[in-house]
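Engineer: One structure, as structure tokens, below. Some questions next.
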Amino acid sequence: MSVTIDARGLSCPQPVLLTLNEIRNGNDPQILVLVDTDTSKENVIRAAASQGCEVNVEPSVSGEYRIAIQKDK
Amino acid sequence: MQNSDDAGVYKISEDLALIQTVDFFTPIVDDPYWFGQIAAANALSDVYAMGGQPVTAMNLVAFPTKIMEFSVLRKIIQGGLDKLKEADVALVGGHSIEDNELKYGLSVTGFVHPKKYWSKHGLKPGDNLILTKAIGTGIISTAIKGGLTSVHIVEEITQLMATLNKQAALRMKNYPVNACTDITGFGLLGHLAEMVVDSGCSARIESGAVPVIKEAIEFAGMGLFPGGAFKNKQFRLPFVEYSDKVDPLLRDIFFDPQTSGGLLISIPEEYADQALADLRTHNCTKATIIGKIISDQKEKIYVV
Numbered sequence: 008m009s010v011t012i013d014a015r016g017l018s019c020p021q022p023v024l025l026t027l028n029e030i031r032n033g034n035d036p037q038i039l040v041l042v043d044t045d046t047s048k049e050n051v052i053r054a055a056a057s058q059g060c061e062v063n064v065e066p067s068v069s070g071e072y073r074i075a076i077q078k079d080k
Numbered sequence: 110m111q112n113s114d115d116a117g118v119y120k121i122s123e124d125l126a127l128i129q130t131v132d133f134f135t136p137i138v139d140d141p142y143w144f145g146q147i148a149a150a151n152a153l154s155d156v157y158a159m160g161g162q163p164v165t166a167m168n169l170v171a172f173p174t175k176i177m178e179f180s181v182l183r184k185i186i187q188g189g190l191d192k193l194k195e196a197d198v199a200l201v202g203g204h205s206i207e208d209n210e211l212k213y214g215l216s217v218t219g220f221v222h223p224k225k226y227w228s229k230h231g232l233k234p235g236d237n238l239i240l241t242k243a244i245g246t247g248i249i250s251t252a253i254k255g256g257l258t259s260v261h262i263v264e265e266i267t268q269l270m271a272t273l274n275k276q277a278a279l280r281m282k283n284y285p286v287n288a289c290t291d292i293t294g295f296g297l298l299g300h301l302a303e304m305v306v307d308s309g310c311s312a313r314i315e316s317g318a319v320p321v322i323k324e325a326i327e328f329a330g331m332g333l334f335p336g337g338a339f340k341n342k343q344f345r346l347p348f349v350e351y352s353d354k355v356d357p358l359l360r361d362i363f364f365d366p367q368t369s370g371g372l373l374i375s376i377p378e379e380y381a382d383q384a385l386a387d388l389r390t391h392n393c394t395k396a397t398i399i400g401k402i403i404s405d406q407k408e409k410i411y412v413v
């Protein structure tokens with residue numbers, strides 16, 4: 008089960024708040040976050056890591072990132 | 110007189126100059142009374158940062174009359190008024206408009222001696238830099254908006270932001286201050302960069318010495334930075350050189366926009382310890398020497 012948060016076009020701290028909310032309150036163990044700035048990428052990684060999640064980042068099209076988050080079971 | 114300072118200075122006579130400043134913003138805490146206090150402390154700060162004595166103030170209000178109870182506005186104004194009383198400043202008027210979003214602030218007028226005001230532009234090699242309040246309020250405000258904070262921390266930063274820079278400025282009048290500014294929207298390094306520009310010298314900041322609100326470090330670790338922190342960093346990064354050992358979180362925290370932050374004071378080293386002790390016993394318990402000015406002409410900020 009996976010849920011996608013499309014945070015492209017959103018500025019800080021919105022991508023982080025959406026990610027934290029999904030990690031804390033969502034039911035899906037896997038979360039995919041799409042962001043389009045380096046600072047959003049950095050902070051979403053910080054957010055997920057702070058909640059004990061496993062994080063993997065892959066660049067997609069230029070300047071965009073797909074951040075795969077695996078919640079702690 | 111020089112522009113690009115914390116407030117406008119207008120010379121009236123050989124021993125009197127007028128200082129004028131204005132600042133207003135949207136609520137940063139939920140409690141209207143405390144929002145009023147913080148807005149007033151923030152508006153008054155520019156006068157203190159120039160070594161002046163604020164004298165009169167006027168309210169600026171934008172209020173959504175259709176969706177908000179009038180009692181909210183009354184509490185905001187009361188908060189502002191109480192802070193003005195504490196500062197010995199008379200409220201002499203104001204202006205309000207209807208707006209979709211609540212905004213409050215003040216225009217403040219003060220006096221200063223035209224030859225004795227503190228500018229941002231006066232750094233001298235050998236000076237020590239004293240910061241009078243801990244930083245991190247922008248990060249905490251972001252965490253408050255995200256509903257992630259405890260009542261305790263909200264109270265702590267509310268008190269911090271509502272604290273006047275009055276005592277700090279009063280104490281420092283006993284010392285030969287070379288330059289001074291207050292830390293607000295551009296963050297610590299953003300405001301320091303303004304001081305370093307055209308100074309002919311550079312600053313060296315001890316990253317471990319800078320007072321940071323404990324919880325701000327925690328929330329920064331969760332990525333809870335306000336957007337302004339990154340705009341500040343992008344804008345001023347060419348001025349800054351970090352040594353490798355500086356914590357990546359601190360690099361961003363140093364650009365966290367502050368509301369009603371402390372004074373950043375540049376003072377000859379031989380007075381620094383005494384001034385610091387003086388500040389700490391006068392309502393500035395977190396005052397710290399965070400670095401020094403060096404005779405490097407590159408006009409850089411070296412963070413070590």
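These protein sequence lines are chains A and B, in that order. Each step along the first sequence adds one to the number in the numbering used here, with nothing skipped, and position 35 is 42. Each step along the second sequence adds one to the number in the numbering used here, with nothing skipped, and position 51 is 160. Heads up, the beta-carbon is just placed ideally off N, CA and C, and yes, glycines get one too. Here the structure is a predicted model, which means the values were calculated and not measured.
1) When you compare the CB of A:R31 with every CB in chain B, is at least one pair closer than 7 Å?
2) Quick one: does the C-beta of B:I239 sit closer than 6 Å to a heavy atom of the ligand SAM?
3) Can you look up A:R31 in the DSSP assignment and give me helix, strand or coil?
4) Step through the CB atoms of chain A and report whether any lies within less than 7 Å of the CB of B:G359.
5) Is there a Cβ from chain A that is less than 7 Å from the Cβ of B:T251?
6) Taking B:P163 as part of the beta strand (DSSP E), name the residues at either end of that continuous run.
7) Output the distance between the C-alpha atoms of A:T44 and B:D191, rounded to the nearest integer angstrom.
8) Are any of the Cβ atoms in chain A nearer than 7 Å to that of B:M177?
9) What residues of chain A sit near B:P335, judged by a beta carbon separation below 8 Å?
10) Looking at the C-beta of B:F339, does it have a partner C-beta in chain A at a distance below 7 Å?
11) So for B:D114, helix, strand or coil by DSSP?
12) Using only the alpha-carbon positions, how far apart do B:D291 and B:L388 sit?
13) How big is the Cα-Cα spacing for A:S1 and B:G202?
14) Tell me, please, which residues DSSP counts as bridged to B:Y119.
15) Count the other CB atoms, across all protein chains shown, that sit within 10 Å of the CB of B:Q146; report buried if there are 16 or more and exposed otherwise.
16) In chain order, what residues of the same chain have a beta carbon less than 6 Å from the beta carbon of B:V319, not counting five sequence neighbours either side?
17) I'd like the list of long-range same chain contacts for B:A278, defined as Cβ closer than 6 Å, with 5 residues on each side in sequence excluded.
Structural biologist: The structure says:
1) Residue 31 of chain A sits at position 24 when you count from the first residue of the first sequence. The beta carbon of A:R31 does not come within 7 Å of any beta carbon belonging to chain B, so the residue lies off that interface.
2) This structure lacks the ligand SAM, and indeed carries no ligand of any kind.
3) Residue numbering aside, residue 31 of chain A sits at position 24 when the first sequence is read from its first letter. If DSSP states are grouped into helix, strand and coil, A:R31 belongs with the helices.
4) By 1-based counting over the second sequence, the position of residue 359 of chain B is 250. Sequence check: residue 359 of chain B is Leu here, not Gly. Cβ-Cβ to chain A under 7 Å: no for B:L359.
5) As a position in the second sequence, residue 251 of chain B is number 142, starting the count at 1. Taking Cβ atoms only, chain A reaches closer than 7 Å to B:T251, which makes this a yes.
6) Along the second sequence, one-based indexing puts residue 163 of chain B at 54. It spans 162-172 - the beta strand (DSSP E) in which B:P163 sits, taken as one unbroken run.
7) Position 37 of the first sequence, counted from the start, is the residue given in the question as residue 44 of chain A. Position 82 of the second sequence, counted from the start, is the residue given in the question as residue 191 of chain B. Approximately 43 Å, taken between the alpha carbons.
8) Taking the first residue of the second sequence as 1, we reach residue 177 of chain B at position 68. By this cut-off, B:M177 is not an interface position.
9) Position 226 of the second sequence, counted from the first residue, corresponds to residue 335 of chain B. Near B:P335 (Cβ distances below 8 Å), the residues of chain A are C19, P20.
10) Counted from its first residue, the second sequence places residue 339 of chain B at position 230. It does; some Cβ of chain A falls within 7 Å.
11) Taking the first residue of the second sequence as 1, we reach residue 114 of chain B at position 5. In this structure, B:D114 counts as coil in the three-state DSSP scheme.
12) Against the second sequence, residue 291 of chain B aligns to sequence position 182. Against the second sequence, residue 388 of chain B aligns to sequence position 279. Using only the alpha carbons, I get a separation of about 15 Å.
13) Absent from the model: residue 1 of chain A. The displayed extent of chain A is 8 to 80, so no value can be given.
14) Start at 1 with the first residue of the second sequence, and residue 119 of chain B comes out as number 10. When beta bridges are read from the DSSP output, B:Y119 appears opposite B:L127.
15) For the purposes of this step, residue 146 of chain B is taken as the residue at position 37 of the second sequence. When all chains shown are included, B:Q146 counts as buried.
16) Mapped onto the second sequence, residue 319 of chain B falls at position 210. Taken in chain order, the residues that qualify are I399.
17) To locate residue 278 of chain B, count along the second sequence from 1; it is residue 169. Counting only Cβ-Cβ distances below 6 Å, and skipping sequence neighbours, we find Y157.
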